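Scroll down for the structure; my scribbles are underneath it.
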Amino acid sequence: MILVIEQALNGLQLGVMLFLLAAGLTLVFGIMNLVNLAHGSLYMVGAYLWVAFAQLTGSYVLGVVLALAGALVVGMLVEIIALRTLYERDHLDQVLATFGLILFFNELVAILWGRSALYTSAPSWLSGHVELFGDLRYPAYRLATIAVGLAVAALLWYVVARTRLGMLVRAGASNRTMVAALGVNIRLLYTVVFGFGAALAGLAGLMAGPIYVVEPGMGEQVLIQVFVVIVVGGIGSIRGAFAGALIVGMVDTLGRAFLKPALATIWSPVVADTAGPALASMLIYLLMAIVLALRPEGLFPARA
Amino acid sequence: MLRNATHAVVVGAIAALFAAAPATAQQKSVKIGFITTLSGPQGVIGEHMKNSVELALDHLGRKMGGLPVEVIYGDDQFKPDVGVQVAQEMLSKHQVDFVSGIIWSNVMMAVSPTVTSKGKIMVGTNAGPSPLAGAQCNKLHINVSWQNDQTPEAMGKYMQDEGINDVYIMAPNYQAGKDMLTGFKRYFKGRIVDEVYTKMGQSDYQAELSQLRAKKPKAVFVFYPGGMGISFLRQYSEAGLRSQFPLYSVYTVDEITIPAVKHAALGQIETRYWSPDLKNAANQKYVADYRKKYGKWPVFYGAQSYDGMLLIDSAVRATKGNLKDTDALIRAMRKADFSSIRGKFTFGNNNHPIQNFYLLKTVAGPAGQDPVMEIQKAVFTNHKDAYAGECKLKW
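What follows is the structure in structure tokens.
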């Protein structure tokens, strides 16, 4: 039982991490109608900026603040310089151009910091683990990422559902032409939304820094899962991104943990040994296929 | 009539030109196609291999047996199909005499047949998948590193000798991961608590670590190369498992991962055929010059790529630069007649090394520097791989 709770926490942690990335990606897709493959690069930029600023200032918190600001600026610059011309083009052009951005950022990072993975560690006040209850000990850093992720989700809900900016964002997601016709500076709105999406991706990257690997190309592995999240949740919908991220996080984690023992009770252990790991790594894609078959719009479509 | 004659002459001349071109090119220089992973997260391994090839060429004076050497580098992007494309281009467009390199066993399984079926020699400098050492061995495929199973066999023997029991074993789900755990189990006869395969390139191991803790093993054995190892070691330490379950590994802690994990690697036990502190003249020269030229420690991936170039050089010299006689070249290579960074070793009938394996421990480095790996003792001397018997080659 303790193990199930612990695995559920693991799933939640992966889920909130995916949500931070999916939120920005889904907004950009929903509002600007832009397929941005380079979203993973912004995740990487966040992680590298955090390492650089934390080293420079000697402070973890200062490093986080500066890295977030840095990711925001980088995101806005990318939007202004590279992406503005792409909104009117079709999706294939956008895919090609943003794929180019991936290559650009990976090489840039390799030139600036080298190809080797960087040394990172969690701040001392977040290392070690917390005794939750009974026998359950959980790494403090992972608990902190869950807390930050949920807090950001709540804040994002507030901004999108209760503020004027959020209203424009929602309006933009439903009918862009009408928003522009009402005299809203849609260009500025795009830049701001893209910048904040980049900052969220950067936040995910810098939180991933101490537990995963900070290296060129770190964003591409996670990006595929994020695309699954927004497809499952419904493109353009923050609520969908949140639900999709938690579902994908849980399915992936619980599949990796319990699929093999579960299969072993039905088939022989030998079959479970080969089928278990293969099936566990496919599980989220199967989930996506099922969602696409039953509800092609995703679970929580933006334009209901 | 005249036009037809001119036509024939021109065609003939072009044909002669094409026929002659490779032959003259071969006599003028030695062309080596070196395939490794140069982009993406695993590109750092390829960088070390490329650096070591360049250092070997420096040491050889950029000549092999009096002929100038040209190395064409190819990036397999960590994908078997791309590896095959790159190899085909090297063979047809660049007309290389040898193909060398290859980090990943799944890439090697695809590339080696491409090269050997064209009658060219494949000199593997990392991956040692079991089929190519056994039933699918080929006289033109020679491996200067190791067969995958050998290194974990040494760890299996060490843990068996230490009387360790109830071991939890983990590896990524691909050819080399399976070879590593198979090799471990060949010499470790105690109880295995569970055998877990994770996704290739996975970065989060928290779910697997929770399962591991619940099983309460006495020890853990893993194989996580490159970036996977960095993630795994960090998360293993962060979850507080290091003090609970001793961790043993192969190809997980090395001179690439140590700078990224630092103290999280301290005390880590590995087995390997080579280490920078191995005492022999060739190795000391290689390590010192590598550190001087590139400002960092070399890693085994590079060391064996350096050896690969010296091996090719030894064959080119022995055959006096007759690069068309692949049979003579491979026979010369099989003598392993060069100063290897690992000291003296021989080749088995399957063209895979018979060599020593050592126990390594990660210890604190000089003040203010990263930890280093130190040889503790030899686990195997002149250790032959388990698949040589399945290989039909006779010499």
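Going down the list, the sequences are from chains A and B. Okay, so the first sequence: first residue is 175 according to the numbering used here, each after it adds one. Okay, so the second sequence: first residue is 15 according to the numbering used here, each after it adds one. For each residue, glycine too, the CB sits at the ideal point set by N, CA and C. Given the structure is predicted, the values throughout are model-derived calculations rather than measurements.
For the alpha helix (DSSP H) that residue i lies in, which residues bound it at each end?
i	result
H265/A	H265 to W287
A415/A	I412 to I440
S251/B	G241 to E252
R361/A	I360 to A382
K64/B	G57 to H73
S298/A	Segment: none, S298/A is in no alpha helix (DSSP H) and carries neither H nor E.
A467/A	P443 to L468
R344/A	R338 to S348
With 9 Å set as the bound, which would you pick, yes or no: does the beta-carbon of residue i sit closer than that to a beta-carbon of chain B?
i	result
H265/A	no
P384/A	yes
E315/A	The question names Glu, but residue 315/A is Tyr in the sequence shown. Yes - at least one Cβ of chain B is within 9 Å of the one on Y315/A.
G391/A	yes
A212/A	no
A325/A	no
P297/A	no
T439/A	no
Q229/A	no
I320/A	no
A452/A	yes
Going along the chain, which residues of its own chain have a beta-carbon closer than 6 Å to the beta-carbon of residue i, five neighbours each way excluded?
i	result
I368/B	T360, G362, N396 and K398
L420/A	G189
P55/B	G241
V234/B	Y182, F259 and L261
Within 9 Å of any Cβ in chain A, is that where the Cβ of residue i sits?
i	result
D72/B	no
Q225/B	yes
V100/B	no
D218/B	yes
A35/B	Here the model assigns A35/B a pLDDT of 45, short of 50, so the residue's position is not dependable, and the following value carries that caveat. False, the Cβ-Cβ gap to chain A never drops below 9 Å.
T212/B	yes
V236/B	no
I270/B	yes
S319/B	no
A346/B	no
K93/B	no
Anyone know if the C-beta pair for residue i and residue j falls short of 9 Å?
i	j	result
A291/A	G241/B	yes
S455/A	N187/B	yes
G148/B	V100/B	no
I270/B	V58/B	yes
D90/B	T50/B	yes
Y217/A	G407/A	no
V98/B	A124/B	yes
P198/A	F474/A	The amino acid at residue 198/A is misidentified as Pro; the sequence shows Gly. No, the Cβ-Cβ distance between G198/A and F474/A is not below 9 Å.
S114/B	G322/B	yes
Y386/A	P297/A	no
Y172/B	I283/B	yes
N207/A	R413/A	no
D180/B	A400/B	no
Closer than 7 Å by C-beta to residue i: which residues in its own chain qualify, once you throw out the five before and the five after it? Chain order, please.
i	result
A373/A	L242, A245, L246 and G249
V275/B	I244, L247 and R248
R185/A	For the sequence presented, residue 185/A should be read as Gly rather than Arg. Cβ neighbours of G185/A beyond the five flanking positions: G423, M424, T427 and L428.
W287/A	Y222
G191/B	A185, Y211 and F237
G323/A	V190, M191, F193 and L194
V353/A	L342, A345, G346 and I360
Q102/B	T128
V358/A	L342
G403/B	none
Can you find the residues in the same chain that come closer than 8 Å, C-beta to C-beta, to residue i, ignoring five residues on each side of it along the sequence?
i	result
T231/A	G237 and L240
V330/B	V44, M78, G79, L81, L337 and L343
A279/B	L247, V267, T271, I272, T376 and P385
T165/B	M194, G197, V264, Y265, T285, R286, Y287 and F371
A295/B	S353
Between which two residues does the beta strand (DSSP E) containing residue i stretch?
i	result
F203/A	F203/A -> not in any beta strand (DSSP E); alpha helix (DSSP H) instead, spanning I176 to M206.
I46/B	V44 to T50
H303/A	H303 to E305
P82/B	L81 to D89
R311/A	R311 to P313
I355/B	Taken as a continuous stretch (DSSP letters only), I355/B belongs to no beta strand (DSSP E), as it is neither H nor E.
V386/B	V386 to H397
- Task: Counting only runs of 3+ residues fully inside the stretch 145-230 of chain B, write out the beta strand (DSSP E) ranges in chain order.
- Result: When DSSP assignments are scanned along the stretch 145-230 of chain B, the uninterrupted stretches of beta strand (DSSP E) that are 3 or more residues long and fall wholly within it turn out to be 155-157, 181-186 and 206-212.
- Query: Could you give the uninterrupted runs of the beta strand (DSSP E) lying entirely in the stretch 265-308 of chain B, keeping only those of 3 residues or more?
  - Reply: Correct list: 283-286.
- Quick one: which unbroken alpha helix (DSSP H) runs of 4-plus residues sit fully inside the stretch 87-131 of chain B? Chain order, please. Counting whole runs of 4 or more residues, the stretch 87-131 of chain B contains the alpha helix (DSSP H) stretches 94-106 and 119-130.
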